[in-house]
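This report refers to the structure that appears directly beneath it.
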């Protein structure tokens with residue numbers, strides 16, 4: 355996921371301030387994901403869950419990222435793709451529902467863990483975090499395809 359982010363930043367970085375801010379937020383989301391998952395360079399005690407403040411911070415960034423996409427960025431990109439022609443508009447319209455379908459898993463994760471306390475039964479946390487990671491990876495791939503559709507058609 356981090357290498358995909360680096361590629362996206364190299365490809366579209368500096369092209370539009372909204373895209374730059376969104377990719378920066380994606381980077382923050384991924385770094386917090388890696389931290390609570392215990393990925394290198396972060397260490398994780400195999401028997402310990404992340405601290406609740408880390409989980410809450412991650413959930414807040416996750417919700418900010420989802421909101422920015424749904425309420426600020428997608429509509430603008432879809433509208434811009436419509437201006438580029440029917441093929442661009444069709445691809446954007448086809449991608450949007452696929453992206454939106456990933457939102458439910460992220461919202462479920464947030465609902466389950468944003469306010470959980472360490473005394474709660476968090477036995478499913480690792481599995482839920484793994485499923486969320488797979489969902490985010492798919493989402494980022496679809497978002498990148500949407501952005502690429504816009505910029506590929508910008509140059510024509």
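Residue numbers (my numbering): 355 to 510. All C-beta atoms, glycine included, are put in the ideal place defined by N, C-alpha and C. All values reported here derive from a predicted model rather than from experimental measurement.
Query: Residue 384 beta carbon less than 9 Å from that of residue 490; Result: yes
Query: Exposed unless 16 or more other CB atoms sit within 10 angstroms - verdict on residue 488; Result: exposed
Query: Own chain partners of residue 410 with C-beta closer than 7 Å, once the 5 adjacent residues on each side are dropped; Result: 468
Query: CA nearest to the CA of residue 421, picked from 496, 484, 506 and 380; Result: 380
Query: Cβ-Cβ distance between residue 453 and residue 419 below 9 Å; Result: no
Query: Boundaries of the alpha helix (DSSP H) in which residue 412 is found, first to last residue; Result: 406 to 422
Query: C-alpha distance - residue 493 paired with residue 423, whole-angstrom precision; Result: 11 Å
Query: Backbone CA spacing between residue 417 and residue 393 [nearest angstrom]; Result: 22 Å
Query: Contacting residues, own chain, Cβ-Cβ under 7 Å from residue 450 (five flanking each side not counted); Result: 428 and 432
Query: CA-to-CA distance, residue 477 to residue 498, given in whole angstroms; Result: 33 Å
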